[in-house]
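Undergrad: Below you'll find the structure I mean.
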Amino acid sequence: MPTKNIEFQKGDALLLVDVQIDFCPGGALPIAEGDAVVPVLNKWIAAASEAQVPIYASRDWHPDNHISFAQSGGPWPPHCLQDSPGAGFHPDLQLPKNVLVVTKGTRFDQDQNSAFDQTGLAFWLKRQGFKRLFIGGLALDVCVLATVVDSLKEGFAVNLLVDGTRAVTREGGNLALEKMQQAGAGIISGAPASPS
Ligand code: VGL
Ligand code: ZN
Numbered sequence: 014m015p016t017k018n019i020e021f022q023k024g025d026a027l028l029l030v031d032v033q034i035d036f037c038p039g040g041a042l043p044i045a046e047g048d049a050v051v052p053v054l055n056k057w058i059a060a061a062s063e064a065q066v067p068i069y070a071s072r073d074w075h076p077d078n079h080i081s082f083a084q085s086g087g088p089w090p091p092h093c094l095q096d097s098p099g100a101g102f103h104p105d106l107q108l109p110k111n112v113l114v115v116t117k118g119t120r121f122d123q124d125q126n127s128a129f130d131q132t133g134l135a136f137w138l139k140r141q142g143f144k145r146l147f148i149g150g151l152a153l154d155v156c157v158l159a160t161v162v163d164s165l166k167e168g169f170a171v172n173l174l175v176d177g178t179r180a181v182t183r184e185g186g187n188l189a190l191e192k193m194q195q196a197g198a199g200i201i202s203g204a205p206a207s208p209s
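In case it helps, our numbering puts the sequence shown at residues 14 to 209.
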């Protein structure tokens, strides 16, 4: 059962996964309703800023002919090419000036679905005393799943912002939700609790 009205506290961080143009309708690897996460995540961004909770945004950032692309034997059409317009964050996503960007998918020899995969992010968050992560973005059954699972493995408490994520496939999305809950993630629906 999704929980509601969890308030931000010290030790929290907001992590937005791959809210990029190529993952939205009209992009190179479009996810159905991918852009529907933007207004929801904007509310979380506003609440996080208000509570002085830092905002991290990961981006998929592939070299040409990346190993995850079909032409190189991978599962995906080419997407999120470094410095291409499609690799940009969705233009309506209201990222603050002090957003911390996590770049992944740059390795030539393997894909990096998780924002924690060889990025140093866990080291950085732990060093600063963060304990609980609020995670949303794209895609629920790919990079969000990998990121949530790694967060829990690293010892963070995790709340998935379920209305702020969409899946590549419906079955994949349902399976991802099951896996996350089994691994110990909380599921939060709706908008952030308003500050009291
Ligand atoms: C993603 C497919 C390929 C994601 C990245 O961000 O979920 N999906 N590369
Ligand atoms: Zn990718």
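Each residue gets a CB set at the ideal place from its N, CA and C atoms; glycine is no exception.
Are the CB atoms of Q22 and N55 nearer to each other than 7 Å?
TA: Here residue 22 refers to the residue found at position 9 when the sequence shown is read from its first residue. Here residue 55 refers to the residue found at position 42 when the sequence shown is read from its first residue. The Cβ atoms of Q22 and N55 lie no closer than 7 Å to each other.
Undergrad: When the Cα of Y69 is compared with those of G197, F102, G40, V112, which residue comes out closest?
TA: Within the sequence shown, numbered from 1, the residue matching residue 69 stands at position 56. Per the Cα distances, V112.
Undergrad: CB D35 to CB L27, shorter than 7 Å?
TA: Numbered from its first residue, the sequence shown carries residue 35 at position 22. Numbered from its first residue, the sequence shown carries residue 27 at position 14. Taking 7 Å as the Cβ cut-off, D35 and L27 do not qualify as a contacting pair.
Undergrad: Look at the alpha carbon of A64 and the alpha carbon of V115, and state the distance between them as a whole number of angstroms.
TA: Counting from 1 along the sequence shown, the entry for residue 64 is found at position 51. Counting from 1 along the sequence shown, the entry for residue 115 is found at position 102. Rounded to whole angstroms, the separation of the alpha carbons of V115 and A64 is 21 Å.
Undergrad: Note down the Cα distance separating G226 from V171, rounded to an integer number of angstroms.
TA: Beyond the ends of the chain as shown, which are 14 and 209, falls residue 226; an answer cannot be given.
Undergrad: According to DSSP, simplified to helix, strand and coil, what is S209?
TA: Numbered from its first residue, the sequence shown carries residue 209 at position 196. For S209, the predicted structure reports a pLDDT of 49, less than 50, and the residue's modelled location is therefore unreliable. The matter cannot be settled from this model.
Undergrad: Around ligand 1, what residues have a beta-carbon under 5 Å from a heavy atom of it, in chain order?
TA: Those residues whose C-beta sits under 5 Å from the nearest heavy atom of ligand 1 are, from N- to C-terminal order along the chain, D31, D73, W89, A152, V155, C156.
Undergrad: What's the call for A159, buried or exposed, on a 16-neighbour Cβ count within 10 Å?
TA: The count along the sequence shown starts at 1 and reaches residue 159 at position 146. Classification for A159: buried.
Undergrad: Roughly how many angstroms separate the alpha carbons of P90 and H79, rounded to a whole number?
TA: Working through the sequence shown from its first residue, we reach residue 90 at position 77. Working through the sequence shown from its first residue, we reach residue 79 at position 66. Spanning the two alpha carbons is a distance of roughly 10 Å.
Undergrad: Could you round the C-beta distance between V32 and R179 to whole angstroms and report it? I think they count as a contact, below 8 Å.
TA: Taking the first residue of the sequence shown as position 1, residue 32 is located at position 19. Taking the first residue of the sequence shown as position 1, residue 179 is located at position 166. At roughly 10 Å, the Cβ-Cβ gap does not stay under 8 Å, so V32 and R179 are not in contact.
Undergrad: Which residues share a DSSP beta bridge with W89?
TA: For the purposes of this step, residue 89 is taken as residue 76 along the sequence shown, with counting starting at 1. W89 is bridged to F82.
Undergrad: What is the C-beta distance between G203 and D176, in whole angstroms, given that I count them as a contact (C-beta under 8 Å)?
TA: On the sequence shown, position 190 is the one that residue 203 refers to. On the sequence shown, position 163 is the one that residue 176 refers to. The Cβ separation is near 6 Å, so the contact holds.
Undergrad: For T182, which residues from the same chain have a beta carbon less than 8 Å from its beta carbon, with the 5 sequence-adjacent residues on both sides left out?
TA: Position 169 of the sequence shown, counting from 1, holds the residue named residue 182. Around T182: D154.
Undergrad: Whole angstroms are fine: how far does the CA of L29 sit from the CA of I148?
TA: The count along the sequence shown starts at 1 and reaches residue 148 at position 135. The count along the sequence shown starts at 1 and reaches residue 29 at position 16. If I take the Cα positions, the gap works out to 6 Å.
Undergrad: Between which residues of its own chain and P205 is the CB-CB distance below 7 Å, once the five residues before and five after are set aside?
TA: Residue 205 sits at position 192 when you count from the first residue of the sequence shown. Only K56, W57, A60 meet the Cβ criterion.
Undergrad: With a cut-off of 8 Å, do at least 3 Cβ pairs link the segment 121 to 141 to the segment 91 to 103?
TA: no
Undergrad: Apart from the five residues on each side of it in sequence, which residues of its chain come closer than 6 Å, Cβ to Cβ, to D124?
TA: As a working note, residue 124 is residue 111 in the sequence shown. Only S81 meet the Cβ criterion.
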